[in-house]
Amino acid sequence: MRIGVVTFPGSLDDRDAARAIRLAGADAVALWHGDHDLHGVDALVLPGGFSYGDYLRAGAIASLSPIMTEVIDAANKGMPVLGICNGFQMLTEAHLLDGGLIRNDKGRFICRDQGLRIENNASDWTAGFSANAEIVIPLKNGEGSFMASAETLTALEGEGRIVARYIGGNPNGSLNDIAGVTNARGNVVGLMPHPEHAVEAGFGPDTDTAMASGVDGLVFFTSVITQALIAR
Amino acid sequence: MPTIVVEVMPKAELLDPQGKAVAGALGRLGQTQSALANVTGVRVGKRFEISIDGEADAATLAAVRELADTVLSNSVIEDVVGIHVQNAPSAAVV
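For the protein sequence lines, the chains are A and B, in the order given.
Per this note's numbering, the first sequence starts with residue 1, numbered consecutively.
Per this note's numbering, the second sequence starts with residue 1001, numbered consecutively.
Pasting the structure below:
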C-alpha cells in the first residue's frame, strides 16, 4: 500500500508521518502542495506543522493549495485521509470535516503526552483499536480547541463521529473533550494529538513498563493498511 | 483608489482567549490608571484592507462579500461584522 504525505510550506511533521507509515508496513510517498498530482497513492496524510505561519487562520491558506483540489476529490470518493494537528485544521477549513479549531482556552501552547479514549473504532484510521481503547500519544499545539455549533455537536455525537476524546482532563477547552472527529463515511479523520510521534519504542510516551516505550500511535497507520486489504 | 475594508470577529458565544489575555493586562493597568478601571472586556478581531483598481462597484462589492464569507472568515468560529469602502488605506490615527 502507498500512503502519500503532503508537504506544505511550514509543515513540520511530514517526515515523522512518513516514518510512521513505513514502520506500519506501507510505502510513504512524498507529495507537494503546489502539484495537482497524488501520484496514485491509496491513502493520504496531511501532517502537522504551521503551514503559512498560521496566517489568516490555522490551516486556512493551506486548504486553498493546488493539491487540495485532488485531496478533496479523492476524500469525497472514499480515499482514507488522516489530518493530524495542522492537517486537521486544514480538513475543517476545506469542509471535509465539521467544526473548527480555535486558540487553547488558557492561551498557552501545550506539549505533553495525552490520554485519549478511542470512541469510534469503525473509521479507516481507528479500526485496529478495541472498543473504547485508552491510549497515550503526544499533544502539541496552540490552537487545538475544537468548536462547533450545538446542532453540529449533536449530529457528531449522535452519529458516533467523535473518534477520540481527551481523558484525564480537558487540555484546551475543546467542546465535549473532542480530540478527533470523522466524516459520515469514516474515511476522513482529523486528530489534534500526534499518533506519528508514538510509533517506535524508545521515542514514544512513557508507559508503566518502560520509559518512552509507548507506540499507541502506530495503530492508526496499521488500521488503514488492514482496512485497505479487507476492501481488496 | 478605493480600499474595501472587511472586519471579522470571533463569534460572540465562543471563548476569545486572545481578548481575554489583553483584558487581563488592561485589568492590571487599571490598578494604577483609574481611567482604565471601568474596562470590562476586550475582544480581538481582524481587519482586512483590500486595495482595488478602479471603482468599488456593486459587482466588486459582491465579490468581496463572497470572499469575506468563504476565505477571510470561517463561519464556524467567526462572523463578518462589517464591509465598507474607504477612499485610501488607513493612516495612523493622530
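Glycine included, C-beta positions come from ideal geometry on N, C-alpha and C.
Computed from a predicted model, the values in this text were never measured in an experiment.
Got a sec: is the Cβ-Cβ distance from B/VAL1076 to anything in chain A below 9 Å? yes
- Task: Could you check if A/PRO205 is buried or exposed, using at least 16 other CB atoms within 10 Å of its CB as the buried criterion?
- Result: buried
(Q) Tell me the DSSP secondary structure of B/LEU1036 in three-state form. (A) helix
Do you know offhand how far A/GLY48's Cα is from B/THR1040's?
Their backbone Cα atoms lie some 37 Å apart in a straight line.
- Query: Which residue spans inside the stretch 62 to 102 of chain A form an unbroken beta strand (DSSP E) run of at least 3?
  - Reply: 81 to 84 and 100 to 102
- Item | beta strand (DSSP E) segment containing B/GLU1078, residue limits | 1078 to 1086
**Prompt:** How many angstroms separate the CA atom of A/ARG112 from the CA atom of B/ALA1058?
**Reply:** 51 Å
Check your understanding: Between A/ASP124 and A/PRO80, is the Cβ-Cβ spacing less than 9 Å?
Key -> yes
Q) Would a check of beta-carbon distances place A/GLU93 closer than 9 Å to chain B? A) yes
(Q) With H, G and I counted as helix, E and B as strand and the rest as coil, what does DSSP make of A/ASN141? (A) strand
For this session: Check the Cβ of B/LEU1015 against every Cβ in chain A and list those closer than 9 Å, keeping chain order.
Result: ILE102, ARG103, ASP105, SER145, MET147 and GLY173
By DSSP's criteria, A/THR182 is part of a beta bridge. Which residues make up the other side?
According to DSSP, which records beta bridges pairwise, A/THR182 is partnered with A/VAL189.
So with Cβ pairs under 9 Å, would you call A/THR182 a contact of chain B?
no
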